[in-house]
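K.L.:
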Amino acid sequence: MSFRLRVLAMLALIALTATGATAWLTLRQVSGQARDSVTAGRQDAARITGALRAYGFQHGTWEGLAPTVRELAADTGQRIRVSTETDNTLLADSDSLAGRAPRPAGGQPPVLVDPRPRLRLPETSVRLASVKRTVTAIADYRSAVAYAACLTRAGAKVTARAGRTGIPRITADRHPDRCVPAEPGADPAAGQDHTAASRCSGEQRLTACLQRVFDERTATVAPPRLQVRLGYRGEAPAGLAAAPTVAVASGVALVAVLGALLLSRAVLRPVRALTSAARDLGEGELERRVPASGRDEMAELGRAFNRMAHSLQAAEERQRRLTADIAHELRTPLANLRGYLEALRDGVVEPTPALLHSLHEEAMLQQRIVDDLQDLALAEAGALTYHRSAVDLGDLLEAGRTAHLAQAEAAGVTLRTEAPTPVRVHADADRLRQVVGNLVGNALRATAPGGTVTLSVTRVGDAAVLRVRDTGKGIPPEQLSHLFDRFWRADAARGRATGGSGLGLAIARQIVTDHGGTIEVASQVGTGTTFTVTLAATA
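If you count by mature numbering (1 follows the signal peptide of the UniProt record, and there is no 0), then the sequence shown holds residues -20 to -1, 1 to 519, one letter each, in order.
(1) Ends of the beta strand (DSSP E) at residue 211?
(2) Once you ignore the five residues that flank residue 484 on each side, which residues in its own chain have a CB closer than 6 Å to its CB?
(3) Determine whether the beta carbon atoms of residue 99 and residue 135 lie at a separation below 8 Å.
(4) Express the C-alpha separation of residue 260 and residue 289 in angstroms, rounding to a whole number.
(5) Classify residue 464 as helix, strand or coil using the three-state DSSP reduction.
(6) Assuming residue 122 contacts residue 198 (C-beta within less than 8 Å), just tell me the rounded distance between them.
(7) Where DSSP assigns a beta bridge to residue 148, which residues make up the other side?
(8) For residue 74, which of helix, strand or coil comes out of DSSP?
(9) Three-state secondary structure (DSSP) at residue -1?
(10) Please report the distance separating the alpha-carbon of residue 456 from that of residue 448.
(11) In whole angstroms, give me the CA-to-CA distance for residue 475 and residue 313.
(12) Going by beta carbon distance, what residues of the same chain come within less than 8 Å of residue -1, once the five residues before and after it are set aside?
(13) For residue 445 versus residue 433, is the C-beta spacing smaller than 8 Å?
(14) Determine the direct distance from the alpha carbon of residue 251 to that of residue 85, and round the result to whole angstroms.
(15) For residue 361, which residues of its own chain have a beta-carbon under 7 Å away from its beta-carbon, when the five flanking residues on both sides are left out?
(16) Between residue 454 and residue 392, how many whole angstroms is the CB-CB distance? I'm expecting something under 8 Å.
(17) Alpha carbon to alpha carbon, how far is residue 203 from residue 248? Give it in angstroms, no decimals.
(18) Contact check, residue 266 vs residue 293 under 8 Å by CB: the rounded distance?
(19) Quick check on the DSSP output: the beta strand (DSSP E) that includes residue 60 runs from which residue to which?
(20) Assuming residue 384 and residue 358 form a contact by the criterion Cβ under 8 Å, report the distance between their Cβ atoms to the nearest whole angstrom.
(21) How about residue 142 and residue 97: are their beta carbons less than 8 Å apart?
(22) Under three-state DSSP, which class holds residue 371?
(23) State the Cα-Cα distance for the pair residue 27 and residue 488, rounded to the nearest angstrom.
(24) So if DSSP puts residue 398 in a beta bridge, which residue, or which two residues, is it bridged to?
(25) Is it the case that the region 402 to 415 contacts the region 370 to 388, given that we only count it when at least three CB pairs across the two stretches are under 8 Å?
(26) Would DSSP call residue 256 helix, strand or coil?
(27) Under a Cβ-count criterion, where at least 16 other Cβ atoms within 10 Å of its own Cβ denotes burial, should residue 154 be classed as buried or exposed?
(28) Give a single yes or no on whether residue 114 has its beta carbon closer than 7 Å to a heavy atom of the ligand SAH.
(29) Could you check whether residue 196 and residue 189 sit closer than 8 Å to each other, using their CB atoms as the reference points?
(30) Identify the residues that DSSP records as bridge partners of residue 91: which are they?
(31) Beta carbon of residue 285, beta carbon of residue 234: below 8 Å?
(32) In the structure shown, what three-state DSSP assignment does residue 337 receive?
(33) Let's see if you can read the secondary structure: which residues bound the alpha helix (DSSP H) around residue 39?
(34) Look up residue 499 in the DSSP assignment and say whether it is helix, strand or coil.
(35) Find the nearest neighbour of residue 181 within the set 114, 211, 242, 161, judged by alpha-carbon distance.
(36) Count the other C-beta atoms from every protein chain shown that fall within 10 angstroms of the C-beta of residue 93, then say buried if there are 16 or more, exposed otherwise.
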């Protein structure tokens, strides 16, 4: 039986026992006198919680809440008790504020008040724009909360109104020197915010996912959620007979304790194993795994932990490989440069134009590797700048053909374009030109003299499909999965005869992904290779 079913069965047993005992007590022992109480009306409850929510939204803190609670209690006649949800810290009690001894809280469950705003995201907005709006809203809300709280503590009269995305815009009757709103774009957590929000791009319920990310990323800066209890007024209820009540309560408690013991044996053992493994993982033992046998929820949790640990270990290995790749790419050419420069300094070789030209080419190659690394880092961090506009892909391919025509003629390769009808996309023309240039350059280097490289674009439904097809030597199937890896080359010696940095395809894939598209490759040894870029077409 799964863990969920076991919990449900145990809780059902406890609930049935408690229900039966309560019914028996109600029929036999309940007093004939009922309490005449007045519960908080819906309108009063809505008014009270709305005013409390507005206070937290406006001031960014619960400090100074007591006058508002006192005024609400006087207007509605309700006893109001306000405490934090997490640790039940009492913030205000209308009885204490009125100079009375606090009366027992009512039996109604507390009403939760969350001062954080609900994001306003246009339903028609594109997913990337909604993600960016959410990241901006998170930073703006952090700044607004800190600014409003500072003004409140300084005694300023604070007002707030919701902006376009629902984030408060703070104004005050005075602005103390110590209260300065944060500069736009100065939030150090913006990168983590963008990473968290980007995970919602593939979610069907995008708005709900982004709201959840907003709540999680602002939980540490927003005023804590409140629980508000609206107390009863009137006489206390008549008591029940003590002996039967104690007997039934003892029986229910015994069943609950036994159920808890049974559940703890099933739960605590894997939980302890997970806790120990998580501690080891945090200390750097990335190879640590936990036993995960069975089909219940705890086993699934163990498997999820193992998958997470595997992902962390793989990420660590990728980081080590990247460091080794960078060192490999830079070590040999830098050693060559150093050797020639020392030889020039010592007079061993003459500074001929050919030697200087060779040294300059070597330096330019290192510069290109560094520039490509910077582009890739910016793209993967979501910080690469894009200037989007309407772009005709046919014109873009023709420009790429013109730019590479001299290289194609020197290689004896025919370079042609096929764009029968205009196909437009909303994109950054320079970045797409960078993608096309990389694909065309690779195709020319892979194609023998007499071969052909064809650039084509067609529209398929709402998609623009761009292809770069060559008649070169092709790529073996076992190498296709590594094609977009950093610094990967088909030749095992990693030579620079072709002049590439080994980063172009990784950058191209990230640029296409940032445009909401895909890039795929199909190849057959001895026949050629085709790269296919798919983007959303515009009218």
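Beta carbons are placed, not taken as given, at the ideal position from N, Cα and C, and that holds for glycine. Because the structure is a prediction, the values reported are computed rather than measured.
P.N.:
Let me lay it out:
(1) 206 to 211
(2) 418
(3) Taking C-beta atoms as the reference points, residue 99 and residue 135 fail to come closer than 8 Å.
(4) A direct Cα-to-Cα measurement between residue 289 and residue 260 gives close to 11 Å.
(5) coil
(6) 7 Å
(7) Paired residue(s): 142.
(8) helix
(9) In the structure shown, residue -1 sits in a helix (DSSP, three-state: H, G or I).
(10) 18 Å
(11) With a pLDDT of only 48 at residue 475, under 50, the local geometry of the prediction cannot be trusted, and the value read off the model is given with reservation. Approximately 11 Å, taken between the alpha carbons.
(12) Around residue -1: no qualifying Cβ.
(13) Their beta carbons are not under 8 Å apart, which means residue 445 does not touch residue 433 by this criterion.
(14) Residue 85 and residue 251: Cα-Cα distance of roughly 36 Å.
(15) 171
(16) Going by Cβ atoms, the distance from residue 454 to residue 392 rounds to 19 Å, so no, they are not a contact pair.
(17) 34 Å
(18) 4 Å
(19) 59 to 64
(20) 25 Å between Cβ atoms; not a contact.
(21) Going by C-beta atoms, residue 142 is nearer than 8 Å to residue 97.
(22) In the structure shown, the three-state DSSP call for residue 371 is strand.
(23) Distance between the alpha carbons of residue 27 and residue 488: 55 Å.
(24) 436
(25) yes
(26) Three-state DSSP puts residue 256 in a helix.
(27) exposed
(28) You won't find the ligand SAH in this model; it holds no ligand whatsoever.
(29) Taking 8 Å as the cut-off, the Cβ atoms of residue 189 and residue 196 do not count as close.
(30) The partner list for residue 91 (beta bridge, DSSP) reads 208.
(31) no
(32) helix
(33) In this chain, the alpha helix (DSSP H) harbouring residue 39 covers 22 to 39.
(34) strand
(35) It is 114.
(36) buried
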